Every structure is written in C-alpha cells, then in structure tokens.
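Q: Quick note, the sequences are listed as chains A and B, same order.
With the working numbering applied, the first sequence has no gaps in its numbers, which climb one by one up to 151 at the end.
With the working numbering applied, the second sequence has no gaps in its numbers, which climb one by one up to 379 at the end.
C-beta atoms are modelled at their ideal positions from N, C-alpha and C, and glycine is treated no differently.
Values in this document were obtained by computation on a predicted structure and should not be read as measured data.
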Amino acid sequence: MDPVLEILEKDARISPDEIAKLTKLKKEEVKKRIKKYEKDGVILKYKAVINKELMKDNSREVRALIEVNIVPQKDLGFDHIAERIYSFPEVTSCMLVSGTYDLLLVVEGKDLHAVSSFVAEKLSPMENVRGTVTHFLLKKYKEDGVMLRRKEANKRIAISY
Amino acid sequence: MAPSGIRVFFDIVLGMDDVISLGVGEPDFDTPWKVRESAIYSLEQGYTNYTSNKGLYKLRLYVSRHLKNKFGLDYDPDEEILITVGTSEGLDLSFRAILEPQDEVIIPQPSYVSYGPVVDLAGGVPVFVDTEKSRFKLKPSDLDKACTKKTKGLLLNYPSNPTGVSYTRKELKELSRIILKHNLLVISDEIYGELTYDYKHTPLATLGKSMKERVIYLNGFSKAYAMTGWRVAFACGSREIISAMTKIHQYTMLCAPTNSQVAACEALHSCADSVVEMRKEYSRRRDFVVDRLKSMGLDCVKPEGAFYVFPSVKKTGLDAMEFANKLLKKKKVAVVPGTAFGEKYQNNIRISYSYSLDHLKEALDRIESFLKSR
C-alpha cells in the first residue's frame, strides 16, 4: 500500500507536511496523491472512531446485527435488492456474505423500538426478503482494528539506557 | 559506572509524573499478542519448571533455523547456541568466559552504559576508542592503533545505542582485516540488527570461517519483538566458547525463564510480519525526527538503525547535562545526556524515537520552543 495511505489510515488528522517528513516525499507530491485518492474514491471519508460506551448523554444508540435471507433477482443478483436495503439511513453497514444467510446488516436506532419497527415495517415486508434474524448488540470490544477501552497508562519507565 | 550527575538526573525524571520523555531505551509497542497468548497458554499447561541449562531445545533449534534462513549462518543447536537471560547476561558470560586478569577489551565510544562495567567485573580492562571524528563509526586504523599485546577482544555494537549508526558489509570487511591481524575475539552485540533501515544488516560472523570462529554473536528478542521485560536472548559461537559460557550460566543463572522461552519460540515461529511492521514504523519516525532536528539547527549523524539519534547541542552553548536539566525544568521534556555513554560526550544528547508520532511531535515542538527562547 502507498505509505501515504498507510499513514492516513492510522491517523487522518496528520498534515501533508508531516506525511512528507515521514515518507521523504515532497509535500506537493503528497498533496497531489491525496487529492487523486479523494477524487478516485480511494479515500472516501475522514472520521473519528468514537467509543460510545463512554458517552454520558442520551445520544447512545441501539444497534443490531441483522441476518437477512433474500431471493436473488434474475439478471440483477443480490445487488439491486441490497441497494434497496442499504439506502435506508438506519442501515450503517451492509455486507454480502457466504453461509446460511446472504446479507449482514448493522442497523442503528435511537431505541429498541426504533430498530424493531424498522425490521417489522421496512425490512421484513420487502418482496425479496425471505427472512431475518436480529441480534441486538450488547457490547462492542473492537472496531476497525481499534480496541474500545480506556486509554491505558504508560507501562514503561520514563527514562532508561 | 555512569557519572553520578546522570543518576541524579534520572531520579528527578522518574520522580515527575507529567514529563514528556524521549529518554526510553525500549520499544513502545506491546509484545505481539500471539506471543503473549502463547505464554499464557504455557502457564495453563503447567510449564513452570526449569528447562535445560542451555535452554529449550525447540528454541535453540528455531534460533538455528532462523539464522540459517536469514543470513546463511550455521550454528549447531546442541553445542553452539545458548539461551540467556537477555543479551545483558550474554555479555557478562562472554567476558567472564574469555578474559584473563588484565586482558584488554576495545570498546568504541559512545557506548551502552554496561559495556565498561561488565569488562571490569570480569577482571579485564576496558579500552575506549572515541569515534566522534569518524561519524561514530570505528575506523579500522583507530582499531589498529588501539591494539596492544594485551588486547584480547573487541566489543562491537551495531546498530548502536546511543548513536543508531551501523556498519555495511564493506565496512565490516575492512574491520575484519584488523581483527584477524591482531587475532582478536569479537563480542558482537547485534540486538538492534533487525532494526536496520537503509541496507541489510550483516552479522559479523557471516564474513567467512576465520571470522565466525572468533565471534560471539549476541542477539535476542527484546528489541525486534518488543519483548524487553521477558528477558530472553541467545548467544552463538564456537563450541569451546559456548561450553565455557554455559558452565558459568549453569551455576549463576541455571536457565532463562521457561515461559519467556516458550514465548520466544512463538516469536520466531509466527511474528516475522510484526517485525517488518515495527521496522517500517521506526524508519518513518527516524526520518521525521532527523528532519525536525535539522530544521531546528541541531546537527546529528543520520542513524541507520535502532531507535536513537545522538544530536549535538554545542550550538546552544550549554553542555549536555545543563541542556538536559534546563529542558526538563522549562519544558518538561526528558532526554539522556551524552555523558551517560562516555565522559567525553559533553556536547550530545540521546533522543529516543520509540514513541508514537503524536508524542514525538509534542516533544519536538517543546524542544524547538526551548531553543527559540534561548
């Protein structure tokens, strides 16, 4: 992978100037590459990974993993029906998987009721949806390679030879 | 022993809780999880006994295969490899095994703090050779000049703590001519060998049979696999030397910690990728730090390995100790004064880049503002 991407994937806030120092590339070259990646859709978005477990206000949302069995359509396969499903804003992730079901969704809602009514009123009645199994998420331990836990104190002694 | 000023300085740093340190001599990564998990499993399985004095046969075999695959080096796991409690023990055993009273050992300086004392403790005489004028690399002619009738050995450490400089194959070949000329034994501390950035690391023992038989090759798991606290390393050398070292080791240490040895097997078995990842990260940080120091006007020899830079602070008009003390007091940034690595190095400080990029940025910003305020 391009070192520019590797570095941004770890820390999206880092400046092109700093990336240049880390990679020995010219600053202009780094900027050019980033622009191109953004234009081509290689870089889609810059965002923070938030540990919602630690949020004290009421903005914590209920999440569910939903297995969906669907009937593929002639000529269109799974893509068309998948698009109809993932276009709902409640669906934050949508993946086609192998195994006993076809789509794996992550659905978010402000409470249990919101998620259940999405499943009951929107998802299940769809013509090509054969069935669903809903798993409410109880606790998240790791997301996108980041462990969701409090930052640990430095374990090293401050100075050594 | 390190000058007492250094010890006082270390105590001050250790007593502060809000210091931004650049003074640490160990990796910032955690040991790869596969390794930690294998050690937990070994405890569950009840691996709580001694191993043989030489170390687990499986680990010696893995070390032997690793050296063969990586460097084409042949060491017999039965008689030419000893598992030690860190490379520190390997150093101590080496000198106790080879030195007669008053034998001289040449040590290029600046050097890691323990080198002089371990030679002293083994009854030998450390002979320090300054390398400042040759960009911290030992020059063959300087080695030649330092040899006397009493010279028994040479202690090489590359990539080096505290300077990060290393030797190319060509440079080692030139040194090997002088080593052969004076019939020296070489204790080659290559603990940072895996962390070499600009070229392939060459173990001294790979330079032909006549070199291999006189080299004690020391390496371990601390730096490459981020396993400092596990205290496990290996020493390789001729049958005679390893047998002498094993004799001392069996009375003074018995064996390296069993779970650490099991963990080390796992490191060699499955962690080559982690080493590559960590090396890549260190190499980037090196470029970043060297660039920043340069732009602040602090000159340094570009490090080729390890995770240290040894810039000169001469321009500031302060000596190393004053610089370190003032920087700590005014900006709460800790660096190690160069005098810790040899009395002569009054103008240098050691900066470690074994820290996250955010940490390095903050610390370097503070150093920059410290320099501007002067």
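Tell me Lys132/A's beta-bridge partners as DSSP assigns them.
A: Along the first sequence, read from residue 1 onward, the residue named residue 132/A stands at position 142. Met137/A.
Q: Output yes or no for whether 8 Å exceeds the beta carbon distance between Arg290/B and Leu365/B.
A: If you number the second sequence from 1, residue 290/B lands on position 285. If you number the second sequence from 1, residue 365/B lands on position 360. A contact, by the Cβ cut-off of 8 Å.
Q: The alpha helix (DSSP H) spanning Ile147/A covers which residue range?
A: Here residue 147/A is taken as the residue at index 157 of the first sequence, counted from 1. Where Ile147/A is concerned, there is no enclosing alpha helix (DSSP H), given that its DSSP letter is neither H nor E.
Q: Which residues, in chain order, does the region 53 to 79 of chain A contribute to contact with chain B at a C-beta distance below 7 Å?
A: none
Q: Could you tell me whether the region 245 to 257 of chain B touches the region 273 to 282 of chain B, using the rule of 3 or more Cβ pairs below 8 Å?
A: no
Q: Inspect the beta-carbon positions of Ala102/B and Val132/B and report whether they are closer than 8 Å.
A: Counting from one through the second sequence, the residue named residue 102/B turns up at place 97. Counting from one through the second sequence, the residue named residue 132/B turns up at place 127. Taking 8 Å as the Cβ cut-off, Ala102/B and Val132/B do not qualify as a contacting pair.
Q: Check the Cβ-Cβ distances between Gly169/B and every residue of chain A, and say whether any is below 8 Å.
A: As a first step, residue 169/B is located in the second sequence; it is residue number 164 there, counting from the start. With a threshold of 8 Å between beta carbons, Gly169/B makes no contact with chain A.
Q: Applying the criterion that 16 or more other CB atoms from any shown protein chain within 10 Å of the CB defines a buried residue, is Thr251/B buried or exposed?
A: If you number the second sequence from 1, residue 251/B lands on position 246. Result: buried.
Q: Is the beta carbon of Pro115/B closer than 8 Å to that of Thr53/B?
A: Residue mapping note: residue 53/B aligns to position 48 of the second sequence, counting from 1. Residue mapping note: residue 115/B aligns to position 110 of the second sequence, counting from 1. Result no, Cβ atoms of Thr53/B and Pro115/B do not sit closer than 8 Å.
Q: Kindly give me the distance between the Cβ atoms of Asp7/A and Lys17/A, rounded to whole angstroms, as I take these residues to be in contact under 8 Å.
A: Locating residue 7/A in the first sequence gives position 17, counting from the first residue. Locating residue 17/A in the first sequence gives position 27, counting from the first residue. Right, their Cβ atoms sit about 6 Å apart.
Q: What does Asn59/A pair with, by DSSP beta-bridge criteria?
A: Taking the first sequence and counting its residues from 1, the one referred to as residue 59/A is at position 69. Answer by DSSP bridge pairing, in chain order: Gly121/A.
Q: Report back the beta-carbon spacing between Ile25/B and Lys377/B to the nearest angstrom; my notes put them in contact at under 8 Å.
A: Working through the second sequence from its first residue, we reach residue 25/B at position 20. Working through the second sequence from its first residue, we reach residue 377/B at position 372. Actually they do not touch by this definition, with Cβ atoms about 17 Å apart.
Q: Measure from the alpha carbon of Ser57/B to the alpha carbon of each residue in Ser357/B, Tyr117/B, Leu78/B and Ile86/B, then state which is nearest.
A: Locating residue 57/B in the second sequence gives position 52, where the first residue counts as 1. The shortest Cα separation from Ser57/B among Ser357/B, Tyr117/B, Leu78/B and Ile86/B belongs to Ile86/B.
Q: Report back the beta-carbon spacing between Cys241/B and Tyr80/B to the nearest angstrom; my notes put them in contact at under 8 Å.
A: As a first step, residue 241/B is located in the second sequence; it is residue number 236 there, counting from the start. As a first step, residue 80/B is located in the second sequence; it is residue number 75 there, counting from the start. Indeed they touch by this definition, with Cβ atoms about 5 Å apart.
Q: What would DSSP say about Lys391/B, mapped onto helix, strand or coil?
A: The structure shown does not extend to residue 391/B, since chain B spans only 6 to 379, so no value can be given for it.
Q: Would Pro122/B be called buried (16 or more neighbouring beta carbons within 10 Å of its own) or exposed?
A: Position 117 of the second sequence, counted from the start, is the residue given in the question as residue 122/B. It is exposed - the Cβ of Pro122/B has fewer than 16 other Cβ atoms within 10 Å.
Q: Less than 7 Å between C-beta atoms, sequence neighbours within five positions excluded: which residues of the same chain meet that for Leu212/B?
A: As a working note, residue 212/B is residue 207 in the second sequence. If we look at Leu212/B and ignore the five residues flanking it on each side, its Cβ neighbours are Leu177, Lys178 and Ser181.
Q: Should the region 58 to 76 of chain A be called in touch with the region 124 to 131 of chain A, which here means at least 3 C-beta pairs below 8 Å?
A: Counting Cβ pairs under 8 Å, fewer than three are found: no touch.
Q: Distance cutoff 8 Å, beta carbons only. Does Arg146/A sit that close to anything in chain B?
A: Here residue 146/A refers to the residue found at position 156 of the first sequence. So, interface residue.
Q: Just mark Pro79/A as buried or exposed, buried being the case when its beta carbon has 16 or more other beta carbons within 10 Å.
A: Locating residue 79/A in the first sequence gives position 89, counting from the first residue. By the beta-carbon neighbour count (other beta carbons within 10 angstroms, threshold 16), Pro79/A is exposed.
Q: Would you call Thr156/B buried or exposed, if buried means 16 or more other Cβ atoms sit within 10 Å of its Cβ?
A: Against the second sequence, residue 156/B aligns to sequence position 151. Buried is the call here.
Q: Between the Cα of Pro106/B and the Cα atoms of Gly128/B, Val118/B and Glu94/B, which residue gives the shortest distance?
A: Taking the second sequence and counting its residues from 1, the one referred to as residue 106/B is at position 101. The shortest Cα separation from Pro106/B among Gly128/B, Val118/B and Glu94/B belongs to Gly128/B.
Q: With distance defined between alpha-carbon atoms, name the residue in Ala2/A, Arg146/A, Leu86/A and Asp47/A nearest to Lys100/A.
A: Locating residue 100/A in the first sequence gives position 110, where the first residue counts as 1. The residue with the shortest Cα to Cα distance from Lys100/A is Asp47/A.
Q: For Arg391/B, collect the residues of the same chain with a Cβ closer than 6 Å to its Cβ; drop the 5 residues on either side in sequence, then sort them by chain order.
A: Residue 391/B is absent from the model: chain B starts at 6 and stops at 379.
Q: Going along the chain, which residues of its own chain have a beta-carbon closer than 7 Å to the beta-carbon of Leu66/B, five neighbours each way excluded?
A: Position 61 of the second sequence, counted from the start, is the residue given in the question as residue 66/B. Once the five neighbours on either side are set aside, the close Cβ partners of Leu66/B are Pro82.
Q: Compute the Euclidean distance between the alpha carbons of Asp147/B and Val134/B, then round it to the nearest angstrom.
A: Position 142 of the second sequence, counted from the first residue, corresponds to residue 147/B. Position 129 of the second sequence, counted from the first residue, corresponds to residue 134/B. Rounded to whole angstroms, Asp147/B to Val134/B spans 7 Å at the Cα level.
Q: Between Val90/B and chain A, is any beta-carbon pair separated by less than 8 Å?
A: For the purposes of this step, residue 90/B is taken as residue 85 along the second sequence, with counting starting at 1. Answer no: the Cβ-Cβ gap between Val90/B and chain A never drops below 8 Å.
Q: List the residues of chain A that Asp292/B touches, going by C-beta distances under 7 Å, in chain order.
A: Position 287 of the second sequence, counting from 1, holds the residue named residue 292/B. Near Asp292/B (Cβ distances below 7 Å), the residues of chain A are Lys11, Leu12 and Lys14.
Q: For a contact meaning CB atoms closer than 8 Å, what does Glu31/B contact in chain A?
A: Within the second sequence, residue 31/B is the residue found at index 26, counting from 1. Per Cβ cutoff of 8 Å: Arg146 and Ser150.
Q: What residues are listed by DSSP as bridge partners for Thr201/B?
A: In the second sequence, residue 201/B corresponds to position 196, counting from 1. According to the DSSP secondary-structure assignment, Thr201/B is paired through a beta bridge with Gly310/B.
Q: Between the Cα of Gly67/A and those of Lys26/A, Ser114/A, Asn118/A and Gly31/A, spot the shortest distance and give me the residue it belongs to.
A: Residue mapping note: residue 67/A aligns to position 77 of the first sequence, counting from 1. Closest by alpha carbon: Asn118/A.
Q: Hey, does Asp7/A have any beta-carbon neighbour from chain B nearer than 8 Å?
A: Here residue 7/A is taken as the residue at index 17 of the first sequence, counted from 1. Not an interface residue.
Q: Can you check whether the CB of Phe239/B is closer than 8 Å to the CB of Thr36/B?
A: Locating residue 36/B in the second sequence gives position 31, where the first residue counts as 1. Locating residue 239/B in the second sequence gives position 234, where the first residue counts as 1. Not in contact: Thr36/B and Phe239/B (Cβ atoms no closer than 8 Å).
Q: Assuming Tyr151/A contacts Gly30/B under a Cβ cut-off of 8 Å, what Cβ separation, rounded to an integer in Å, is found between them?
A: Within the first sequence, numbered from 1, the residue matching residue 151/A stands at position 161. Within the second sequence, numbered from 1, the residue matching residue 30/B stands at position 25. That pair is a contact at about 5 Å.
Q: According to DSSP, is Cys84/A helix, strand or coil?
A: For the purposes of this step, residue 84/A is taken as residue 94 along the first sequence, with counting starting at 1. Three-state DSSP puts Cys84/A in a strand.
Q: Can you give me the C-alpha to C-alpha distance between Ile4/A and Lys29/A, rounded to a whole angstrom?
A: Counted from its first residue, the first sequence places residue 4/A at position 14. Counted from its first residue, the first sequence places residue 29/A at position 39. Taking the straight line joining both Cα atoms gives about 19 Å.
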